[in-house]
Amino acid sequence: MPNMQPYQNPTYFLILGVALLPIMIGMLFGKKLHWYQTLISFAFLLLTFGGPKWEQGIALICYIVFEVCLIGIYHAYRQKKNATWIFYLAVILAIIPLVIVKITPALEHGRASFIGFLGISYLTFKVVQIIMEIRDGIIKEFKPWLVLQFLLFFPTISSGPIDRYRRFVKDYNKSVVREKYLELLDKGVWYIFLGFLYKFILAYYFGSRLEPVVSRLAVSHGGISWWLVAYMYVYSMDLFFDFAGYSLFAVGVSYIMGIETPMNFNRPFKAHNIKDFWNRWHMTLSFWFRDYIYMRLVFFIMKNKLIKSRITIANVGYFTLFLIMGFWHGLTWYYIVYGLFHACAIILCDAWLRFKKKHQAHIPSNKFTEALAIFVTFNTVCFSFLIFSGFLNVLFFHGTN
Amino acid sequence: MNVFKKLFQIFGPIALAALILFVFLISPFGVKKISQTTIQKAALSQSPNIFKGSAVKEAAMSQNYVPFFGSSELSRMDALHPSVLAQKYQRNYRPFLLGSPGTQSLTHYWGMQGISKQLTNKKAVFIISPQWFVKKGIDPNAFSFYYSNLQTVEWLRHARDTRMDRYAASRLLNMPSARSSETLERCILRVAAGQKLTSNEKTYLDLKYNMLKHEDQMFSMLMLKDRRSLIEEGEKQLPDEYNVAKLSQVAENLGHKNTTNNRFNVDNNFWNKRLKKNYQKLRNEQSNFSYLKSVEYSDFQLVLNQFAKQHTDVLFIIPPINQKWADYTGLSMNMIHQFNHKIKHQLNSQGFDNVVDLSDDGASPYFMQDTIHLGWKGWLKVDQHVNPFLSQKQRTPVYKINNYFYTKSWQQRENIN
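These protein sequence lines map, in sequence, to chains C and Y.
Using the UniProt record's numbering, read the first sequence as starting at 1 and increasing by one per residue.
Using the UniProt record's numbering, read the second sequence as starting at 1 and increasing by one per residue.
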């Protein structure tokens, strides 16, 4: 059986284009072909998780059964009672598979866990979100079929963007008038082609052409060199165009299917400071962390009056958020240092913004300071990506990245 | 707004792009003529894109260009380099340099696939490097660097159930490059197993061939290195009339002038860049090097088999090793003699009789430009064999290919009678 990873090559897009044709025609006549959508979702999941990747397919099925049961049981419980520890237990159970998958390589010399599969992180984010909103009472009904549609929505299954359950369900059920759909189609096709430029031209150039050259030169030079600086920028560009290109594909395909999956990037290198950056970079992930970790932690601390100073509360929140994000990327020193680096950067940024507000009269603000802010932010971010790349691990500790 | 107009706005550009792509890539029409300037540049460029492609090579070989297969020595373009001499003395041939650091027998075998027609009943020069014959032969990464699907597709279209094709297929399957396309990998597997390709596979190969060929025609000549000035620079240093004694004097002077900062008769630049810092670590470092047991022998057999198939008349050159350097690094001369013996056996026993063995010239000053690469006087000596071989009519060679040279037992054999 053939196997294809999402958006890997032109053939995938050709198959996708043909498979989406009935959906497009249906949508143009105001009809949502839900049964057909389910059918091709299944076909594309089979294409990604079948054939030589069948073990991942089994892992995915077991994971989905487990998580949907968990959601169902917690929902049933929440209808009657609302104990905090049960809620914690549900969240812990929901993330346990992901934790195992993340820890296994660190314990077993890089070997992947057999319960893992492509996209487990993103599914876990979606599940945790549902459980938390059930607890909040925002999600009132448990509809297994819709939960499945949401979790297994194939355009975004492997790497997001991370949609929200209530938003997704609204789009899923809503019928779209022709004019509106033509707009969606227009945008969807545009995003996919922009994605081609990003992923298959720019990311290819940076990642497959320049990166091997600069990394070889940086390694042969050893230590800190201008080639290392070049590597930093090349890697950053590759990371952005690769991921942004992929996200554009996912969003574009969603639009064609009538689902307005949120955007993941908004010109991140134009950010004026680190806070601004995280509102533009991998947005669905940072908003998820903001809403389900940071806000909840801050609220918890304030409610229980653990810390008085609002500034300290915010800083503790940042450290927690970025440390968890670091661990989520993987259990290596460089991911964790990357998290801590961003925590420090955002705390400094906050301090600076407070200072600026107090001394507004004396700090100039003009085109030049704006350019300087963008420049400093860009370089700080690129440096953080250099840490993230694991290249320093190769360079200084002769490890792997 | 009208639905169809809007739909046309959305999908029109895609349809147009698809159409243009189809016309340019899949259609069997040729694209453009290759200019003389491009050919001249390409012949000297040693560019991987030229090596991997076939358009430029085809165009050049249909004229008076003769392929000079080799590796890193080809880039030693001093005044006595074959390309300079051929141009200066207006020979009836011009070298087309095929090879650069990292090219070995296997790369040359695949590189020849696109020019099989042009090489049929023609002449070629082939410089064999003893250094290729390490235990595992070519480094897979180096192979990937000079590999292109165009050559494989070209080869697959003509592959038959012969020992050569099966062996070539099995070697290719050992390389990461073979896995670049699933369909191609399946076809290569078939050839390795001695099976016929299905008609679907053949159609796929035909379409793929048109596509890759057009890609080659459009892109392989972009950003070509222009080394013509280097050749003209060399020409200026040569006497107007071809005279071996005078040329030898020029070679002597150039060699003398360029090897002043070390005691190994190694070119100053090479010394500064590559050896100065670490040469002390290299003392006796090569004492247990051996070029006697290697898969390269069978890869080399592929090259010979291909030449035989095309009835190409080939002059083989075995360059020496800088004696002073060999002594310093402890390279065994006995082993080198055995290597020469073994490779000459493989050549002569199959009817490849034009073999120039220069291995005794390693001690002659300025014969080598550095440690293992021919230079000034070495190039002159090469020319004394190459010029008559290419300028004069040769009797038709008779080759008898022996499949024994594809076996492990030959790869591993040390004693040749």
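All C-beta atoms, glycine included, are put in the ideal place defined by N, C-alpha and C.
Just so it is clear, the structure is predicted and the values come from calculations on it, not from any experiment.
C/I58 (DSSP reduced to helix, strand or coil): helix
Between Y/L80 and the rest of its own chain, which residues show a CB-CB distance below 6 Å, the 5 nearest in sequence each way excluded? A251, W376, W379 and L380
C/I347 versus C/S365: straight-line alpha-carbon distance, rounded: 21 Å
Partner residues on chain C for Y/K6, Cβ-Cβ distance less than 7 Å: L182
On the DSSP bridge assignment, give the partners of Y/F316 in chain order. Y/F126 and Y/V355
Any beta carbon from chain C within less than 8 Å of Y/V3's own beta carbon? yes
Measure from the C-beta of C/R178 to each C-beta in chain Y and report whether the shortest distance is under 8 Å. yes
Keeping to the same chain, check which residues put their C-beta closer than 6 Å to that of Y/W155; ignore five residues upstream and five downstream. Q113
Please name the residue, chosen from C/Y191, C/K270, C/M132 and C/G223, that lies closest to C/G245 on a Cα-to-Cα basis. C/Y191
Roughly how many angstroms lie between the CA atoms of Y/L19 and Y/M211, to the nearest whole one? 14 Å
Taking only beta-carbon atoms, is C/L20 less than 8 Å away from chain Y? no
Starting from C/F300, trace the alpha helix (DSSP H) both ways and give me its first and last residue. M295 to K303
Name the two residues that bound the continuous beta strand (DSSP E) containing Y/F68. Y65 to F69
Please report the distance separating the alpha-carbon of C/V229 from that of Y/F339. 46 Å
Test item: CB-CB of C/A373 and C/N273 under 8 Å: yes
Between C/I186 and chain Y, is any beta-carbon pair separated by less than 8 Å? The sequence shown places Asp at residue 186 of chain C, rather than the Ile named in the question. At least one chain Y Cβ lies under 8 Å of C/D186.
Can you check which of these residues, C/L60, C/G51 and C/D136, is closest to C/Y88 by C-alpha distance? C/D136
If you draw a straight line from the alpha carbon of Y/Y109 to that of Y/N334, how long is it in whole angstroms? 29 Å
For Y/P67, which residues of its own chain have a beta-carbon under 6 Å away from its beta-carbon, when the five flanking residues on both sides are left out? F96, L98 and A124
Under the three-state reduction of DSSP, which class applies to Y/L150: helix, strand or coil? helix
Looking at the structure shown, is C/P268 part of a helix, part of a strand, or coil, going by DSSP? helix
Report, in whole angstroms, the separation of the C-beta atoms of C/D144 and C/G195, which I expect to be a contact under 8 Å. Rather than Asp, the amino acid found at residue 144 of chain C in this sequence is Pro. Their Cβ separation, rounded to whole angstroms, is 32 Å, which puts C/P144 and C/G195 out of contact at 8 Å.
Based on the DSSP output, what are the partners of Y/M368 in its beta bridges? Y/L374
If you count every other CB in all the chains shown that lies within 10 Å of the CB of C/P97, and 16 or more means buried, which is it? buried
By alpha-carbon positions, which one of Y/L44, Y/M221, Y/Q195 and Y/C187 ends up nearest to Y/D206? Y/C187
Measuring only between beta-carbons, confirm whether Y/I20 sits less than 8 Å from chain C. no
Please state whether DSSP places Y/L97 in a helix, a strand or coil. strand
At the level of alpha carbons, what is the spacing between Y/K293 and Y/R413? 7 Å
For the alpha helix (DSSP H) containing Y/G12, list its first residue and its last residue. V3 to L21
Taking only the alpha-carbon atoms, compute the straight-line gap between Y/Y279 and Y/N272 and give it to the nearest angstrom. 10 Å
Where the alpha helix (DSSP H) through C/M263 begins and ends: Element bounds for C/M263: n/a, residue is neither H nor E.
Assuming the contact rule is C-beta atoms closer than 8 Å, Y/A169 and Y/A192 should be a hit. Round their C-beta distance to whole Å, please. 4 Å
Roughly how many angstroms lie between the CA atoms of C/W54 and C/I201, to the nearest whole one? 31 Å
Can you name the start and end residues of the alpha helix (DSSP H) that C/M237 belongs to? W226 to I256
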